[in-house]
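Working notes, beginning with the structure itself.
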Amino acid sequence: MNTKEIRDLAPAEIETKLRATRDELLQLRLKKHTGQVEKSHVLHVLRKDIARLETILRQKSVKV
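Structure below.
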């Protein structure tokens, strides 16, 4: 998910997306520990997405 798409979302939608991304990251971490992850780079991508979501959510909350 790129920055422009995130900025177009409402704060409530960003929080929902953030929660879903965190859940997905948790599931991948559990799979990694059991050796079931084929694409380990996805963990890095999800962490970056979470950081983007949190940053833009914080920027929107400060503006208001």
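Going by this note's numbering, 1316 is the number at position 59 of the sequence shown; the sequence numbering is gapless.
Cβ coordinates follow ideal geometry from the N, Cα and C atoms, glycine included.
Whole-Å CB distance - residue i paired with residue j, under 8 Å assumed
i     : j     : result
R1304 : T1260 : With a Cβ gap of about 15 Å, R1304 and T1260 do not count as contacting.
Rounded separation between residue i and residue j - CA only
i     : j     : result
T1291 : R1279 : 19 Å
P1268 : M1258 : 16 Å
L1275 : I1263 : 10 Å
R1315 : D1265 : 14 Å
S1318 : I1307 : 16 Å
R1286 : K1320 : 34 Å
Contacts around residue i, its chain only, beta-carbon distance under 8 Å, and the 5 residues preceding and following it disregarded
i     : result
K1289 : S1297 and L1300
E1281 : L1303
Coil, strand or helix - residue i by DSSP
i     : result
S1318 : helix
Endpoints, alpha helix (DSSP H) assigned at residue i
i     : result
A1267 : Unbroken run through A1267: none, as it is neither H nor E.
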